[in-house]
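Residue numbers (our numbering): 282 to 541.
And the structure:
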């Protein structure tokens, strides 16, 4: 079985050297989950990460009711993947949004942008918006741990169509999934300069894919995205739900850009 991963900021704060020698106490919700739910035992191996690429390989020394004491065997840092894959996700109905976030996180999507499209049946407003966004972020966090990701995906605040157009304009390649497109997603050419940047926060060479809501993407939205530089593309011969289209598109694009 794979070594379980837990999140803690302490994974990025070394008190020894790179070969270990220091200790980390895992407490709070993560410590409680490790001790009471996962039932970790002394002598077992775990990996701790801060979610930003810094990792501490540890062995459990002691287990309390809601915390673990671990000894660090080794520390290392994982570079963020290049190019970043950004999925603009039209808000799905019910809990399908969390399903989409879970699958995209497991696949390796780097940024997930909830989009308030014109034809979204679901509307995020007021307290509902904060709660829904919290669920998406919590889902991404748990899915990242399950899939042993050392870089947590970013789930941004809800975006307007104007904000989506800005993300498209700053990308290396932007694709809008559309059932009437003539070009298949698998046939799009990849830009030659993908992955040349150094900082994932301001690297403009992202791949962006836009997934519409159940009601589809409105004509004015398609026009705005085309004007910003996006290319409409056909995902396949069948019609996928909005909650599964993102993961299917991610699989194609991660393969085409060499990350898979």
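Beta carbons are placed, not taken as given, at the ideal position from N, Cα and C, and that holds for glycine. Predicted model only: the values in this text are computed from it and were never measured.
Cβ neighbours of residue 516 within its own chain (closer than 7 Å, five residues either side excluded): 458, 466, 526, 529, 530. Runs of the beta strand (DSSP E) lying entirely within the stretch 315-360 and spanning at least 3 residues, in chain order: 326-330, 335-344, 349-358. Going by DSSP, residue 416 is part of the alpha helix (DSSP H) stretching over 407-427.
The C-beta separation of residue 398 from residue 493 comes to about 6 Å, placing the pair in contact by the 8 Å criterion. Rounded to the nearest angstrom, the Cβ distance from residue 375 to residue 535 is 27 Å, too far for a contact under 8 Å.
Under the DSSP definition of a beta bridge, residue 388 lacks any partner. With fewer than three CB-CB distances shorter than 8 Å, the stretch 434-441 does not count as touching the stretch 498-510.
Your pair residue 411 and residue 509 does not check out as a contact, with CB atoms roughly 28 Å apart and the cut at 8 Å. Where residue 455 is concerned, the enclosing beta strand (DSSP E) starts and stops at 454-458.
In the DSSP annotation of this structure, the continuous segment of the beta strand (DSSP E) that includes residue 287 starts and ends at 286-288.
Inclusion of residue 434 and residue 498 in the CB contact set at 9 Å is not warranted, their separation being larger than that value. Straight-line measurement puts the Cα of residue 429 at about 31 Å from the Cα of residue 495.
Taken atom to atom, the span from the alpha-carbon of residue 486 to that of residue 532 is near 19 Å. CA-to-CA, the gap between residue 538 and residue 490 works out to about 13 Å. When secondary structure is reduced to three states using DSSP, residue 531 falls in the helix class.
By DSSP's assignment, residue 370 forms a beta bridge with 395, 492. In the DSSP annotation of this structure, the continuous segment of the alpha helix (DSSP H) that includes residue 449 starts and ends at 442-450. Note on residue 470: under 16 other CB atoms within 10 angstroms of its CB, so exposed under the neighbour-count rule. Judged by pairs of C-beta atoms under 8 Å, the stretch 319-328 touches the stretch 337-357, as three or more such pairs exist.
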